[in-house]
Structure formats: C-alpha cells, structure tokens
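To start, the structure under review is shown below, and the notes come after it.
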Amino acid sequence: MNKEEKLKKEKKARETNKLRGLRITLIIFIIILLSLISFVGIYVKDKNEMSDIIPDFILGSDIEGNRIIQLNVEQEDTITLTDSTGTEIASGTEEELSSQGYTEDVITQNNYTKTTEETNKAEVLNAENYEKSKQILINRLKTSGVTDYKVRQDKDNGNIVVELKENTSTDDIISTLSEVGKFELKDSETEEILLNNDDVKDARVLYNNTQSGVNVYLEIEFNKQGKEKLQEISKTYNSNAEAEDTTNTVANNTVTNEITEADLNAAETANETTNTATNETTDTEASSKKVDMEIDGTKITQGQQFSEENATGTLDLLIGSGSALSTNDENNNLDTYITQAQSMASLIKNGVMPITYSLESNKYIESPITIDLLKNVIIVLGAITVVLFIFLIIKFRVNGILATISNVGFIAVILLILRLTNVEVGIGGIIGLGLIQLLNYILLYMLLKAVKGKKDNDKVMKSVLVKFCMMSVPAYIIAIVFAFNSFIPIYSFGMVVFWGITASVIYNLLVTKNLIIKAEEK
C-alpha cells in the first residue's frame with residue numbers, strides 16, 4: 145500500500161468516525177429529549193396556569209385504596225310540607241327534612257301541612273327498573289371519568305354496592321350516585337314542565353378564559369324535539385316579547401364549544417341579574433313570563449328570561465368564575481364551580497333513575513401497600529438496576545455506557561406509553577415493569593455479547609433480536625390474555641408486559657442497534 149492510498153484510507157476513517165460520532169450524538173440527544181418529556185412533562189398555558197399536557201399515571205385501587213358504597217332502595221316515605229296557602233315549602237324523607245331544619249317543632253310552629261306518599265311505589269320495584277337504575281349509575285361513573293370500579297346488584301331487592309378507587313374526586317362522584325337526576329325547565333309561576341330529560345341530547349362542562357379569570361359553563365344540548373321546544377319557549381319567555389326588560393335574561397349560545405365575547409357578556413349579565421334581580425314586573429303578561437331550571441327539585445336557575453329567540457338547541461349556564469392562578473385563595477371557588485358543573489352534567493345527560501336510592505354506607509378500605517413501602521420497593525429495584533448496569537459498563541466499556549444510556553431512553557418510552565394509553569398501574573403493573581426491565585437487560589446483554597469483536601454487527605444484532613422475539617412469544621401471549629381480565633392487578637400486569645415487550649423490540653431495533661453498531665465499526 146503506497147503513501148497516497150494510506151492517506152486516503154485515513155481520511156475516509158476520519159470521516160466515518162465523524163459521521164459515527166454525529167449519529168451517536170443525535171441519538172443521545174433524542175434519548176435526553178424523550179426522558180425530559182417522560183420524567184418532567186410538556187407544560188403549556190391552560191386556564192391561566194401552566195399544566196402538563198402529558199396525562200398523569202393512573203394508579204390502581206390496590207395502591208390508592210378502595211371506597212365501598214352501599215346504595216339501598218329507599219324504604220321511607222316522602223313527606224311534602226306546604227304552608228297555609230298551599231305553596232310547597234320542602235319535600236323529602238323525614239331524615240332529610242330534619243337535616244334541613246324542618247323538625248316536628250318547626251313544622252308545628254309554622255302550621256305546615258304534611259302530606260305523605262311512598263317514595264318508591266310498589267309497581268316500579270321490578271327487575272327491569274333495578275337493571276335500568278344500575279346501568280344509569282354505571283353511565284354516571286363513566287361520565288365522571290371513573291375507569292376502575294365494580295358495581296354489584298342484589299337482583300331480589302335492587303340494592304347496589306359500588307366499589308371504586310380512592311382519589312381526590314371520589315366524594316364528588318359519590319354525591320351523584322344516589323340522585324334521581326330529574327332535570328326540568330318550568331314556568332316560574334304555573335310550574336308547568338316545559339323541558340325535561342327526554343329532550344336532552346348531551347350535557348358537558350365548558351371553560352372560557354377572560355382577563356379576570358376562568359368562566360365555568362354547563363352546556364346543555366337538546367335533541368331535535370328539545371331544540372324545537374326550546375325555540376318556542378325562547379319566543380314566549382322573552383324579555384323583549386312586548387316590552388323592553390333586561391331583568392333576568394338567559395343568554396342564547398353558539399353551537400360550537402367556542403364562546404364569543406358577546407355570549408360571555410350576555411351570560412355574565414344573566415348570572416349577575418340572577419343574584420341581584422329585583423323581579424321587576426312589566427305592563428304586559430308576555431314580558432313577565434319567566435322560567436326556572438331544576439335538578440331533583442333544586443333550582444339551579446330561577447326567574448330567567450330569554451334575550452332573543454334560541455335556534456341553536458343549546459343553553460350555556462354560567463356556573464361561576466375564578467382564577468386558576470390563585471387556587472389557594474379561599475375566595476377563589478373555581479374548583480368548586482368545576483365540580484358543580486361536572487356533577488350537573490353527569491346527572492342531566494344520563495337520564496332519570498326509575499327508582500330512588502338512599503346512601504346506606506360509605507366506607508374507605510385502605511390499601512395494604514402504602515406509598516412509603518412503594519417508594520422503598522422502587523428504590524431497592526433501582527439500586528439493583530444500577531449495579532447490573534455498572535457490571536455491563538465494566539464488561540463492555542464504551543458499548544456498555546451506550547447501552548446504559550439506551551436503557552434510560554427505553555424506561556422513558558415505556559412510562560410515556562403507559563401514561564398516554566391510560567393504563568392503570570397497580571401492584572401487578574409494578575411487577576410487570578420490573579419484569580420488562582429484566583427482559584430488556586437480558587436483551588442488551590445478549591446484543592453486546594454477540595457483537596463483541598464482530599465486524600458484521602448489523603446481521604448479528606438482527607439475529608439476536610429475532611431470537612429474543614421467539615423467546616418472548618409465550619410471555620406476549622400471556623400478557624394479551626391478562627390484559628382482558630377485569631381484575632386490576634392481573635389486567636395491569638398484562639397491559640404493562642404487552643406494551644413493554646412491544647416497545648423493547650422496536651426501540652432496540654431503532655435505537656440500541658444503531659448506537660452499538662456505530663461504536664463497534666472499524
């Protein structure tokens with residue numbers, strides 16, 4: 145080999161090394177980026193605060209604990225109290241009235257008349273209504289975003305037991321379970337029912353950012369029949385029907401989820417006038433006609449009028465406003481308004497319970513696995529992993545370092561997948577993560593050992609990956625079977641192992657293989 149050929153070969157080697165270094169640097173940069181997204185998150189401005197757009201981990205009930213709720217078919221009679229003019233004062237069971245301050249002494253002192261009737265008439269207590277009530281309850285859980293729950297019903301008496309995991313929204317969810325969910329839009333004076341649940345297509349919570357804070361809305365969307373009724377009602381109960389009257393007006397809304405500034409101002413005016421209305425009367429009967437909106441007899445709006453004809457088929461009710469920047473402020477009720485709107489939406493959209501239930505018991509069952517114990521287990525497993533990868537670095541040097549970096553990226557990827565696919569991570573899921581880490585370590589060791597001293601690394605590594613896939617087939621099949629199990633620990637284990645093996649093969653084929661090949665090339 146002459147000098148010129150030698151120089152060309154050296155130059156080519158330097159260029160190859162530069163390309164190899166660039167490739168490794170780029171892959172490592174991608175790994176760092178994935179790790180930051182997975183371990184830290186991606187934060188954007190939402191409702192005047194920075195929030196992570198990557199979903200949180202969903203922990204299973206075997207970690208966070210369970211809530212056991214007993215709902216029994218109401219056996220007590222419903223008592224209605226009326227005054228001397230026949231106006232209804234309150235209604236409910238004796239216990240409910242007592243909790244509201246309507247004791248026997250108060251009833252006697254005010255000369256209220258008591259009327260008693262069965263809460264659940266005998267003809268409604270049948271298997272069909274038991275099942276319908278159970279399904280409505282399940283739909284309410286789904287609407288509230290609950291995924292880990294069990295609902296059992298005694299088919300003989302209709303009583304229901306609900307088991308769901310404990311979290312910050314559990315109490316709010318439970319508050320909707322025993323409600324009947326009867327939605328009504330009534331004439332304020334005659335109490336004629338103008339719209340009810342049969343006219344509703346959907347109900348949802350909307351938000352609108354303003355300079356002063358975040359406005360929370362309950363949007364009620366009506367079906368074809370309800371849309372036509374609403375249009376007629378908005379003509380009749382209109383503040384501009386015969387005279388100019390801006391007292392207590394209901395804003396008309398857009399069809400889309402976007403709320404215009406004009407809608408916002410109108411809705412805010414409606415909300416303010418609801419609280420400060422003087423109930424002024426006009427000279428004509430038409431302009432004084434107003435409506436009330438109720439859920440289970442509780443008014444959520446009172447004495448409202450429409451500012452114009454409503455042809456959209458939707459109503460946006462302003463629940464309240466608050467600041468997302470100062471959630472610790474005791475005067476800031478944003479979270480409360482959101483909870484109220486979500487509860488109303490869940491009741492309205494899922495129909496009326498044919499049977500009235502009472503909350504018999506509400507028990508919290510603490511998980512035997514405490515958070516501190518969980519942290520200690522993770523620390524121990526992490527320490528073992530560190531020791532194993534130190535061994536890998538000592539044995540394979542540069543490739544061992546690159547394999548360790550690749551493994552960090554793999555952990556980031558699998559955790560990101562679990563968050564994005566909303567997999568519930570319970571005790572079984574944590575065991576599954578440990579198994580996936582072990583399998584990935586074995587694969588890395590097989591790859592590093594196979595390519596050591598080899599020049600044709602590409603073929604060697606592909607062969608190892610194929611071998612690993614064949615070895616993983618039994619575990620993969622078991623994982624798929626477990627993923628369809630309703631028992632959370634087994635389901636969690638199956639889903640984690642399924643995604644783990646899938647991600648391990650693809651990730652190592654795309655990332656680790658390129659890192660190791662480029663490091664070993666001569």
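Adding 144 to a residue's 1-based position in the sequence shown gives its number in my numbering.
All C-beta atoms, glycine included, are put in the ideal place defined by N, C-alpha and C.
Just measuring C-alpha positions, the residue of L560, L203, L518 and K434 sitting nearest D196 is L560.
Straight-line spacing of the CA atoms in L350 and I181 works out to 28 Å.
In terms of CA proximity to S502, G302 leads the group F327, N652, D200 and G302. Per the DSSP secondary-structure output, K309 pairs in a beta bridge with N210. At a Cβ-Cβ threshold of 9 Å, G325 and M437 do not count as neighbours. In terms of CA proximity to E328, L491 leads the group L269, L491, L285 and T480. If you check the CB distance, I586 and F612 come in under 9 Å. Per the coordinates, the alpha-carbon of F183 lies some 7 Å from the alpha-carbon of A556.
If you draw a straight line from the Cα of L241 to the Cα of V569, it comes to about 44 Å. With a cutoff of 9 Å on beta-carbon distance, G644 and I624 are scored as not near each other. Annotation for L653: L609 place their beta carbon closer than 7 Å to its own, counting only its chain and skipping 5 residues before and after. At least 9 Å separates the beta-carbon of L517 from that of V435. N359 carries a strand assignment under DSSP once its states are collapsed to helix, strand and coil. By alpha-carbon distance to T320, the top candidate from F450, K286 and Q297 is K286. Residue pairing for S465: DSSP places it in a beta bridge opposite N359. Residue environment: K493 is assigned as buried (16 or more neighbouring CB atoms within 10 Å of its CB, all protein chains considered). Annotation: A271 to Y187 spans about 50 Å, alpha carbon to alpha carbon. Here E504 is actually not in contact with L269; their C-beta atoms are around 17 Å apart, not less than 8 Å. For V521, the CB contacts under 8 Å within the same chain, skipping 5 residues up- and downstream, are I574 in chain order. When T231, Q446, T263 and T224 are compared, the shortest CA-CA separation from D331 is found for Q446.
In terms of Cα proximity to V360, the closest of Y651, L461, L225 and M614 is L461. Only residues of its own chain outside the window of five on either side were considered, and among them F637, V640 and V641 have a CB closer than 6 Å to the CB of G576, listed in chain order. Comparing alpha-carbon positions, the option among T514, I175, G441 and A347 lying closest to T224 turns out to be G441.
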